[in-house]
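Chains as they are written, first to last, in our numbering: chain A, 2 to 585; chain B, 91 to 329.
Below: one structure, written as structure tokens.
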Amino acid sequence: MRKFKKYLLVLVTLVCTYATLNVKAAYTYSHDGKIISAPAGYSATIDGVYNILSNAWGGNVNEKEFNSPEDLYIYTETKTVNEKEVKEDVIYIVSSSSSIDAATKQCYNMLFVFDGNLNYKEKYSRFEINPDNFSNLELSKIKTRVDGSAATSAALTSVYSYEKIKEIKAVPYEERTEDQKMYLKLFKVSGVYRAQRAKRDANNVIIEGEFEDLIYLSDTGNNQIVIIDAKTYEVVQIISTPSDQAFSEKTFSPTKVVTDSAGRIYVISDGIYEGIILLSNKGEFMRFVGVNYTTMSFWDALWRNIATEEQRKQMTSILNTEFKNFTIDSQGFIYTVSRAVTNTETGVTNDKAMIKRINQAGNDVLVRNGYSVPKGDLITIMTGKNKGGSTFSGITVNEYGTYTVVDTKGGRLFTYDKEGNLLYISGGKGSEVTDLENPVAVRYQGENLLVLEKNNRVVIRYTPTEVGSIINKAVEYQAKGDLESASEEWQNVINQNPNYELAYVGVGKTYLSAGRYQDAMEYFKTGFNVEYYSKAYKLYRDEKIKKFFPYVMTGIVVLVVFGIGYKAYKSIRYKKSDAGFGDE
Amino acid sequence: MNENAKNLVSTEEKNDSQIRKFWSKVVKFLKWFKEEFIKFPLFILFHPLKGWDEFKREKRGKMSVAIWFVIFVIFLSIMEYQYSGFIVKQVEVTDLKMLAEIAYIIAPVVLVTVANWSITTLFDGKGKMKEIFMMICYSLYPVAWTKLIGLFLSNVVSQQEKAIYTLVIALGIFFMCYMAFFGFISIHEYGLLKCVATLIATAVALLVICFIGILCFDLIQKIAGFVYTIYREITLRYF
Numbered sequence: 002m003r004k005f006k007k008y009l010l011v012l013v014t015l016v017c018t019y020a021t022l023n024v025k026a027a028y029t030y031s032h033d034g035k036i037i038s039a040p041a042g043y044s045a046t047i048d049g050v051y052n053i054l055s056n057a058w059g060g061n062v063n064e065k066e067f068n069s070p071e072d073l074y075i076y077t078e079t080k081t082v083n084e085k086e087v088k089e090d091v092i093y094i095v096s097s098s099s100s101i102d103a104a105t106k107q108c109y110n111m112l113f114v115f116d117g118n119l120n121y122k123e124k125y126s127r128f129e130i131n132p133d134n135f136s137n138l139e140l141s142k143i144k145t146r147v148d149g150s151a152a153t154s155a156a157l158t159s160v161y162s163y164e165k166i167k168e169i170k171a172v173p174y175e176e177r178t179e180d181q182k183m184y185l186k187l188f189k190v191s192g193v194y195r196a197q198r199a200k201r202d203a204n205n206v207i208i209e210g211e212f213e214d215l216i217y218l219s220d221t222g223n224n225q226i227v228i229i230d231a232k233t234y235e236v237v238q239i240i241s242t243p244s245d246q247a248f249s250e251k252t253f254s255p256t257k258v259v260t261d262s263a264g265r266i267y268v269i270s271d272g273i274y275e276g277i278i279l280l281s282n283k284g285e286f287m288r289f290v291g292v293n294y295t296t297m298s299f300w301d302a303l304w305r306n307i308a309t310e311e312q313r314k315q316m317t318s319i320l321n322t323e324f325k326n327f328t329i330d331s332q333g334f335i336y337t338v339s340r341a342v343t344n345t346e347t348g349v350t351n352d353k354a355m356i357k358r359i360n361q362a363g364n365d366v367l368v369r370n371g372y373s374v375p376k377g378d379l380i381t382i383m384t385g386k387n388k389g390g391s392t393f394s395g396i397t398v399n400e401y402g403t404y405t406v407v408d409t410k411g412g413r414l415f416t417y418d419k420e421g422n423l424l425y426i427s428g429g430k431g432s433e434v435t436d437l438e439n440p441v442a443v444r445y446q447g448e449n450l451l452v453l454e455k456n457n458r459v460v461i462r463y464t465p466t467e468v469g470s471i472i473n474k475a476v477e478y479q480a481k482g483d484l485e486s487a488s489e490e491w492q493n494v495i496n497q498n499p500n501y502e503l504a505y506v507g508v509g510k511t512y513l514s515a516g517r518y519q520d521a522m523e524y525f526k527t528g529f530n531v532e533y534y535s536k537a538y539k540l541y542r543d544e545k546i547k548k549f550f551p552y553v554m555t556g557i558v559v560l561v562v563f564g565i566g567y568k569a570y571k572s573i574r575y576k577k578s579d580a581g582f583g584d585e
Numbered sequence: 091m092n093e094n095a096k097n098l099v100s101t102e103e104k105n106d107s108q109i110r111k112f113w114s115k116v117v118k119f120l121k122w123f124k125e126e127f128i129k130f131p132l133f134i135l136f137h138p139l140k141g142w143d144e145f146k147r148e149k150r151g152k153m154s155v156a157i158w159f160v161i162f163v164i165f166l167s168i169m170e171y172q173y174s175g176f177i178v179k180q181v182e183v184t185d186l187k188m189l190a191e192i193a194y195i196i197a198p199v200v201l202v203t204v205a206n207w208s209i210t211t212l213f214d215g216k217g218k219m220k221e222i223f224m225m226i227c228y229s230l231y232p233v234a235w236t237k238l239i240g241l242f243l244s245n246v247v248s249q250q251e252k253a254i255y256t257l258v259i260a261l262g263i264f265f266m267c268y269m270a271f272f273g274f275i276s277i278h279e280y281g282l283l284k285c286v287a288t289l290i291a292t293a294v295a296l297l298v299i300c301f302i303g304i305l306c307f308d309l310i311q312k313i314a315g316f317v318y319t320i321y322r323e324i325t326l327r328y329f
């Protein structure tokens, strides 16, 4: 018996430790910004972790090549196989390096290509340039990496001289030897993007029905955007520093690139505080988009007005923050993340616009109807190394407007719906492989999330938890306008987590449309939504007024009639008595 | 008529007279309440100079009534936590701090009284401290009413009509200031300009009092800290 007890004790402690090891403090924020416990929306298991050791990569990627992964992009290819349209995901990851590896004397700036399940397909360290397709002026602008004693950026024409290029051009392409082929090497590559764009003829007129399938690489170290063909991986176009006055004193170091349906190119560049650079498909500068304004308080403005010219010069110049990352949705809205704007003079931080949704006109149109503004963590550490609010490094948006941002400070994923409601918080820092220490990119792959972790050099697939998938369904139905199905899902969410306030609003909305105003009011009150509560209350009040108005009005009319009658009666009596006694 | 019946009649008469006495007391109380709590403050509100004059010269203002006004306002601001409409106030009863609510009302009243008294004694004000205090308490009369009306309104307005509620509350504060301003003029027997001047001085005095208060608090904290450190030193060294 005693022995049995001993084993039982061991078993209990084991179960307990297992439980405590697996419990991660998942939380969310309540309507008044307090931390409440809630299950995470997404979680990762060891099966969802991909790195150089995993079978899917098959040892084709070595540690040096995958030294510092910078960006991940998922492109959905539509193929026709046996007259059927099949959608296939292609995943691109770029890894950068700025120093020469001592053993191999190489500087690894790689593009990796994986299929949808992150099985290794290809890798590229250099891209062929066919000089036939470029004019001499264009070639003179192109830069490439040179691996000497240290990695440097140099003009392509200094590596391959004009004479040599002329020589190469003289030989037909098919007959060129490997020595005669020209290659471009990336330097500090930090972004990858793939999109189709309409093919244009020599006069820049769109050829209908023909598309170019292109991969855009932001070649930060070479100050250029390299556009390569998605099939042949041959350089198609290079976008160097735009010849505009705006760039006369600045260096053009693109970090992230997206394009819209018209083929215009949006670029985030390091050290450019004016906003997102909008370029035409030819690479000509058009304008800045989505400028991050610093806010100046009334007193700042007053003080600046009073101050003399010299004093004003002494004041630290107020800089707009730069964008960190962005993505584009199917309707052409650009979702951006940037740092909180801190006014260097007053020390006041404005973190209201860290996430933006920028429309075609360049204005921020993000809906912020949630309990709080989408800005990641609401309660933050005040002192120490990790003080301050969330700093986002990546954003992704799915087809029904739900967007997820990734925070490097807490290593967390914050998911918001298109109304700006915080849906759930997932992930977190830690020492497990599935934890996020320094996430740099996040992408939706259907319902799943792929997160690129820079420090641990892994790609982590986050899958929705039970509650997470129900919430996703509810939000999807709501976005599609199917309120009834949404309400059912929200009810399921409440059953799983009664503290989930947003779900009550979701259920309340169906009650509101069904005409059950009192129920709706109760649900909106629980969900702390004043706007909808007011709507429900107004309808409820109208209903009550309609019901009781006839009775109340009749009562008032009767009273008035009685009053008048009584007065008339009294005056007649008074007149009678008056007549009886007569005037004095 | 036998004895029993006689007794019965007399007790009946007795009961009757007792009830009547009680009833007359109730009526008297109601009359007093109406006069002191409704009519007179209303009279002051609509005839401020005349009203405050009566308040001071004929000693019509009563301390008990003044304190009751403060209690009303405190009571109503606590009631707001429980009974305000959801559209107007999204506070929760769990957030209610009773002592803080009391302090938010009493502290300004007492502070303004002290500040104003200390200024007006230097500026030939005729008002006594008790009068100033009572006058400020009486000025809370419109606030008490508007809070009550607001409490009802908050339950029947929608979000678009919330402005009505805000207007009512703002009116209460406006009328409070209006009453208090004329109160200062009458009680200290000032002219308009001198009254404004002393009020500005009162505001400065208020700041000074707050400053000294915080200073004292800080110093006491430091002294306490010092004593505690000495205690720790001694205990660590000798015990």
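Note that CB positions come from ideal geometry on N, CA and C, so glycine has one too.
Just so you know, these numbers come straight off a predicted model, no measurement behind them.
May I ask you to list, following chain order, the residues of the region 264-290 of chain B that have a beta carbon less than 8 Å from some beta carbon of chain A? none
Can you confirm whether A:Tyr-534, when its beta carbon is compared against all beta carbons of chain B, has any partner nearer than 8 Å? In the first sequence, residue 534 of chain A corresponds to position 533, counting from 1. So yes, A:Tyr-534 belongs to the interface.
Compare the C-alpha of A:Ile-101 against each of A:Arg-146, A:Asn-120, A:Lys-80 and A:Lys-142 and name the closest. By 1-based counting over the first sequence, the position of residue 101 of chain A is 100. Selected option, being the one with the closest Cα: A:Arg-146.
For A:Glu-275, which three-state DSSP category applies? The sequence position of residue 275 of chain A within the first sequence is 274, counting from 1. In this structure, A:Glu-275 counts as coil in the three-state DSSP scheme.
Per DSSP, what kind of secondary structure is A:Lys-35 in: helix, strand or coil? Position 34 of the first sequence holds residue 35 of chain A. Looking at A:Lys-35 - three-state DSSP - the assignment turns out to be coil, as it is neither helix nor strand.
Can you pull out the residues from the region 244-256 of chain B whose beta carbon lies closer than 7 Å to at least one beta carbon of chain A? Ser-248 and Gln-249
Interface partners of B:Ile-177 on chain A, CB under 8 Å: Working through the second sequence from its first residue, we reach residue 177 of chain B at position 87. Val-531, Tyr-534, Ser-535 and Tyr-538, listed in chain order.
Using a Cβ-Cβ distance cut-off of 8 Å, determine whether A:Lys-376 contacts chain B. As a first step, residue 376 of chain A must be located in the first sequence, where it is residue number 375. Not an interface residue.
In terms of residues, what are the limits of the beta strand (DSSP E) holding A:Lys-80? Here residue 80 of chain A refers to the residue found at position 79 of the first sequence. Note, A:Lys-80: beta strand (DSSP E), 70-82.
Counting C-beta neighbours from all protein chains within 10 Å, is the total for B:Cys-227 16 or more, i.e. buried, or is it exposed? Counting from one through the second sequence, the residue named residue 227 of chain B turns up at place 137. B:Cys-227 comes out buried.
Between the region 518-530 of chain A and chain B, which residues of the former have a C-beta closer than 7 Å to a C-beta of the latter? Lys-526 and Phe-529
Among B:Ile-192, B:Ile-177 and B:Leu-166, which has the Cα closest to the Cα of B:Pro-232? As a working mapping, residue 232 of chain B is identified with position 142 in the second sequence. For B:Pro-232, the nearest C-alpha among the options comes from B:Leu-166.
For A:Arg-444 versus A:Leu-451, is the C-beta distance shorter than 8 Å? Within the first sequence, residue 444 of chain A is the residue found at index 443, counting from 1. Within the first sequence, residue 451 of chain A is the residue found at index 450, counting from 1. Yes; because the gap between Cβ atoms is below 8 Å, this pair is in contact.
Under 8 Å: do the region 60-78 of chain A and the region 453-473 of chain A share three or more Cβ pairs, one atom per stretch? yes
Please specify which runs of the alpha helix (DSSP H), each continuous and at least 4 residues long, are wholly inside the region 252-319 of chain B, giving them in chain order. 252-278
Give a yes or no on whether 8 Å exceeds the smallest Cβ distance from A:Ser-38 to chain B. Taking the first sequence and counting its residues from 1, one reaches residue 38 of chain A at position 37. Not one chain B Cβ lies under 8 Å of A:Ser-38.
I believe A:Ile-277 touches A:Thr-328 by the beta-carbon criterion, under 8 Å. Please report the beta-carbon distance rounded to the nearest angstrom. Reading the first sequence from its first residue, position 276 is the one you call residue 277 of chain A. Reading the first sequence from its first residue, position 327 is the one you call residue 328 of chain A. So it is not a contact: roughly 12 Å between Cβ atoms.
Is A:Ser-572 buried or exposed, if buried means 16 or more other CB atoms sit within 10 Å of its CB? The residue given as residue 572 of chain A occupies position 571 in the first sequence. So A:Ser-572 ends up on the exposed side.
Taking only the alpha-carbon atoms, compute the straight-line gap between B:Ile-222 and B:Phe-162 and give it to the nearest angstrom. As a working mapping, residue 222 of chain B is identified with position 132 in the second sequence. As a working mapping, residue 162 of chain B is identified with position 72 in the second sequence. Cα to Cα, B:Ile-222 sits roughly 19 Å from B:Phe-162.
Can you have a look at A:Val-24 and say buried or exposed, based on whether 16 or more other CB atoms are within 10 angstroms of its CB? Taking the first residue of the first sequence as 1, we reach residue 24 of chain A at position 23. The predicted model places A:Val-24 with a pLDDT of 48, which falls under 50 and marks its position as unreliable; any figure quoted below should be read in that light. Per the 10 Å Cβ criterion, exposed.
Note down, in chain order, each residue of its chain lying with its Cβ closer than 6 Å to the Cβ of A:Arg-201, except the 5 sequence neighbours on either side. Looking up residue 201 of chain A in the first sequence gives position 200. If we look at A:Arg-201 and ignore the five residues flanking it on each side, its Cβ neighbours are Ile-207.
Please compile the residues from chain A whose C-beta is within a distance smaller than 9 Å of the C-beta of B:Gln-172. What you label residue 172 of chain B is simply residue 82 of the second sequence in a count that begins at 1. By Cβ distance, chain A contributes nothing, its closest Cβ being about 14 Å from B:Gln-172, past 9 Å.
Where in the region 385-436 of chain A do unbroken runs of the beta strand (DSSP E), each at least 3 residues long, occur, reported from the N-terminal end onward? 393-398, 404-408, 413-417 and 423-428
For A:Leu-119, does the three-state DSSP call read helix, strand or coil? Taking the first sequence and counting its residues from 1, one reaches residue 119 of chain A at position 118. Of the three classes helix, strand and coil, the one that applies to A:Leu-119 here is coil, per DSSP.
On a Cα-Cα basis, can you pick out the residue from A:Val-562, A:Phe-549, A:Tyr-74 and A:Phe-393 that is closest to A:Ser-191? Counting from one through the first sequence, the residue named residue 191 of chain A turns up at place 190. Nearest of A:Val-562, A:Phe-549, A:Tyr-74 and A:Phe-393 to A:Ser-191, Cα basis: A:Tyr-74.
Whose C-alpha, out of A:Phe-286, A:Glu-467, A:Thr-309 and A:Ile-380, is nearest the C-alpha of A:Ala-247? Along the first sequence, one-based indexing puts residue 247 of chain A at 246. It is A:Phe-286.
Output yes if chain A places a C-beta closer than 8 Å to the C-beta of B:Ile-109; else output no. Counted from its first residue, the second sequence places residue 109 of chain B at position 19. No - not a single Cβ of chain A is within 8 Å of the one on B:Ile-109.
Please check if any C-beta of chain A sits within less than 8 Å of the C-beta of B:Gln-180. The residue labelled residue 180 of chain B in the question sits at position 90 within the second sequence. Chain A, which has a Cβ nearer than 8 Å to the Cβ of B:Gln-180, makes this yes.
For A:Lys-186, the residue or residues it bridges with in DSSP: Translated into the one-based positions of the first sequence, residue 186 of chain A becomes position 185. Beta-bridge pairing links A:Lys-186 to A:Arg-127.
Residue of B:Asn-206, B:Lys-312, B:Leu-305 and B:Ala-253 minimising C-alpha distance to B:Phe-271: Locating residue 271 of chain B in the second sequence gives position 181, where the first residue counts as 1. Of the candidates B:Asn-206, B:Lys-312, B:Leu-305 and B:Ala-253, the one whose C-alpha sits nearest the C-alpha of B:Phe-271 is B:Asn-206.
Per DSSP, what kind of secondary structure is A:Gly-149 in: helix, strand or coil? Translated into the one-based positions of the first sequence, residue 149 of chain A becomes position 148. Coil at A:Gly-149, not helix or strand.
Any contact of the region 113-120 of chain A with the region 161-175 of chain A, i.e. 3+ C-beta pairs under 8 Å? no
Could you tell me which uninterrupted beta strand (DSSP E) segments, each at least 3 residues in length, are contained entirely in the region 184-271 of chain A, listed from first to last along the chain? 190-201, 207-220, 225-230, 236-240, 255-260 and 266-270
List the DSSP bridge partners of B:Met-225. As a position in the second sequence, residue 225 of chain B is number 135, starting the count at 1. B:Met-225 is not bridged to any residue.
Indicate the three-state DSSP secondary structure (helix, strand or coil) for A:Asn-23 in the structure shown. Reading the first sequence from its first residue, position 22 is the one you call residue 23 of chain A. Interpretation of A:Asn-23 is limited by its pLDDT of 48, a score under 50 that renders its predicted location unreliable; no figure is taken from the coordinates.
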